[in-house]
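Structure, as structure tokens:
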Amino acid sequence: MSVESEGAEPAPKAVVSNKVTVMLKPTANAPILKQKNYIVERSRHVGWISNFLKKQIQAEPDDQVFLYINQCFCPSPDQEVGALFDLYESGKKLVLHYCLTPAWG
Amino acid sequence: MECREVLLIVWKGEIPIQFVLDPDELSGVETPDPFFLLAPRITYLPLVTEKVSRHFHQHINKSEDDEIWFDYGGDPLKWHYPIGVLFDMYGDPEKLPWKITVHFKEFPADELIRCSNRDVVQSYFFQRLKEADFLKQHKTKVVADLVKKDFKQVWTALYHHKFEEFWLINQKLMKPIESDTFRLIPFKIYTPDHKVIQASFPSMLTENSPSTLGDLIHKFYPNTKAVTGDCEVKIHGVEVEMHLTLQWIATNLSYPDNFIHICIIDPYSKLSVSIFPM
Numbered sequence: 001m002s003v004e005s006e007g008a009e010p011a012p013k014a015v016v017s018n019k020v021t022v023m024l025k026p027t028a029n030a031p032i033l034k035q036k037n038y039i040v041e042r043s044r045h046v047g048w049i050s051n052f053l054k055k056q057i058q059a060e061p062d063d064q065v066f067l068y069i070n071q072c073f074c075p076s077p078d079q080e081v082g083a084l085f086d087l088y089e090s091g092k093k094l095v096l097h098y099c100l101t102p103a104w105g
Numbered sequence: 001m002e003c004r005e006v007l008l009i010v011w012k013g014e015i016p017i018q019f020v021l022d023p024d025e026l027s028g029v030e031t032p033d034p035f036f037l038l039a040p041r042i043t044y045l046p047l048v049t050e051k052v053s054r055h056f057h058q059h060i061n062k063s064e065d066d067e068i069w070f071d072y073g074g075d076p077l078k079w080h081y082p083i084g085v086l087f088d089m090y091g092d093p094e095k096l097p098w099k100i101t102v103h104f105k106e107f108p109a110d111e112l113i114r115c116s117n118r119d120v121v122q123s124y125f126f127q128r129l130k131e132a133d134f135l136k137q138h139k140t141k142v143v144a145d146l147v148k149k150d151f152k153q154v155w156t157a158l159y160h161h162k163f164e165e166f167w168l169i170n171q172k173l174m175k176p177i178e179s180d181t182f183r184l185i186p187f188k189i190y191t192p193d194h195k196v197i198q199a200s201f202p203s204m205l206t207e208n209s210p211s212t213l214g215d216l217i218h219k220f221y222p223n224t225k226a227v228t229g230d231c232e233v234k235i236h237g238v239e240v241e242m243h244l245t246l247q248w249i250a251t252n253l254s255y256p257d258n259f260i261h262i263c264i265i266d267p268y269s270k271l272s273v274s275i276f277p278m
């Protein structure tokens, strides 16, 4: 097996940290956050980010928050932030667009 | 290229399930009969359990908070995993029908995603299709080109379990654009300790060297006994040859959400469960 020599490799071990940067960007008239970038533990789930975001924008308990990756699809609430970062990171950040009504279906 | 014979076998895979109500939730003295179902592997529990819900709901003290959920041997079953994956992770092919316990009370919200109706499943399924498409093509070009009617057809075909209708649309999603293979392979690996691995892996290791299932398992489950042969690597309940290319597996053995769902099964851990039942 020659997997180690070729193909998509993870970042070298030296820079592997247990935290990643998540950028939260509003879309479709969602409330704006004062802080955009957050350092999040890799093991956190998307559901945790949703709850965190709801508190930050002071959403009502019944409000739904929609998160999108690449302005395209919603991650599942049980997906881990670290795995999503490895798959969809751009500019060393995991960019998540958020809105209170579905923006990209 | 798709192999129609394989697609049909995958599509027709079924699991006999015996549903029983949690005895603690029973309201009267009369125990309801179990409910038997032959459930397609490729679908999701909420899409086949509407009758199960009706069958048992009359036997409990109803309240507004009731929400149906299932467990096997104390493990809550995640509805958003395909039924085939749940069975390969938790069930035992030697013990059929698969005996699942039905609950309506005390929804384990920290372990399961809520699913109040079928639309939640539809939305989840569509998001996974889009995610898979993004990984395969690096754009969601194909999904974006699917008109609403097409998507409705994929969904309705899954719900009603119609092979021809499903593949009429799904073949568009399975066609690589701009090259002969997908960019990345959409996959999820389920480990014996019930963790899920999702990561980036290409369909080609070099220009002339397609990646195989063996490459993938070696990379993401390296300390596995799968390498030494003590663990089974199963897709759709079948042990799959390690030398098969991921491109072929993605095209022919993906679930309807366009992901390959790979279960690593440690027969020894299942054995210990049956020797020391809960």
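Protein chains in written order, with UniProt numbering: chain A, 1 to 105; chain B, 1 to 278. Heads up, the beta-carbon is just placed ideally off N, CA and C, and yes, glycines get one too.
For residue 76 of chain A, would you say it is in contact with chain B, using Cβ-to-Cβ distances shorter than 9 angstroms as the test?
Numbered from its first residue, the first sequence carries residue 76 of chain A at position 76. Closer than 9 angstroms to the CB of residue 76 of chain A there is at least one CB belonging to chain B.
Would you say residue 280 of chain B and residue 210 of chain B are within 9 angstroms of each other, going by their C-beta atoms?
Given a span of 1 to 278 for chain B in the structure shown, any question on residue 280 of chain B remains unanswerable.
From residue 7 of chain A to residue 203 of chain B, what distance separates their C-alpha atoms?
By 1-based counting over the first sequence, the position of residue 7 of chain A is 7. By 1-based counting over the second sequence, the position of residue 203 of chain B is 203. Only weak support is given to the placement of residue 7 of chain A: the predicted model assigns it a pLDDT of 39, under 50, and the value that follows is read from those uncertain coordinates. Spanning the two alpha carbons is a distance of roughly 9 angstroms.
In the DSSP assignment, the alpha helix (DSSP H) including residue 240 of chain B goes from what residue to what residue?
Counting from one through the second sequence, the residue named residue 240 of chain B turns up at place 240. Annotation for residue 240 of chain B: no alpha helix (DSSP H) segment contains it, and DSSP assigns it neither H nor E.
Classification of residue 170 of chain B by the beta-carbon crowding that lies within 10 angstroms, buried from 16 upward:
Numbered from its first residue, the second sequence carries residue 170 of chain B at position 170. Buried, because 16 or more other Cβ atoms sit within 10 Å of the Cβ of residue 170 of chain B.
Determine the chain A residues that contact residue 247 of chain B at a beta-carbon separation under 7 angstroms, and present them in chain order.
The residue labelled residue 247 of chain B in the question sits at position 247 within the second sequence. None at all; the shortest Cβ gap to chain A is about 13 angstroms.
Backbone secondary structure at residue 21 of chain A - three-state DSSP
Walking along the first sequence from the start, residue 21 of chain A turns up at place 21. It is a strand residue.
Residue 49 of chain B and residue 70 of chain B: beta carbons closer than 9 angstroms?
In the second sequence, the residue the question calls residue 49 of chain B occupies position 49. In the second sequence, the residue the question calls residue 70 of chain B occupies position 70. Cβ atoms of residue 49 of chain B and residue 70 of chain B: closer than 9 angstroms.
Please state the DSSP three-state secondary structure of residue 161 of chain B.
Here the question's residue 161 of chain B lines up with position 161 in the second sequence. In this structure, DSSP gives residue 161 of chain B a state outside helix and strand, which the three-state scheme calls coil.
Coarse secondary structure for residue 18 of chain B, derived from DSSP in three states
Translated into the one-based positions of the second sequence, residue 18 of chain B becomes position 18. Residue state, collapsed to three classes: strand.
Contact criterion: CB-CB distance below 9 angstroms. Does residue 69 of chain A meet it with respect to chain B?
For the purposes of this step, residue 69 of chain A is taken as the residue at position 69 of the first sequence. By this cut-off, residue 69 of chain A is an interface position.
Cα separation between residue 107 of chain B and residue 155 of chain B?
Counting from 1 along the second sequence, the entry for residue 107 of chain B is found at position 107. Counting from 1 along the second sequence, the entry for residue 155 of chain B is found at position 155. Cα-Cα distance, rounded: 27 angstroms.
Take residue 121 of chain B and list the residues in its own chain whose beta-carbon comes closer than 8 angstroms to its own, dropping the five residues that flank it on each side.
Numbered from its first residue, the second sequence carries residue 121 of chain B at position 121. Answer for residue 121 of chain B: 44, 46, 47, 79, 80 and 115, listed in chain order.
Assign residue 87 of chain A to buried or exposed, taking buried as 16 or more other Cβ atoms, counted over all protein chains shown, within 10 Å of its Cβ.
By 1-based counting over the first sequence, the position of residue 87 of chain A is 87. Residue 87 of chain A should be labelled buried.
Cβ of residue 153 of chain B less than 9 angstroms from any chain A Cβ?
The residue labelled residue 153 of chain B in the question sits at position 153 within the second sequence. Not closer than 9 angstroms to any Cβ of chain A, the Cβ of residue 153 of chain B fails to qualify, so no.
Please list, in chain order, all residues of the same chain as residue 159 of chain B whose beta carbon is under 7 angstroms from its beta carbon, the five residues on each side excluded.
In the second sequence, residue 159 of chain B corresponds to position 159, counting from 1. Excluding positions up to five away in sequence, the list reads 47.
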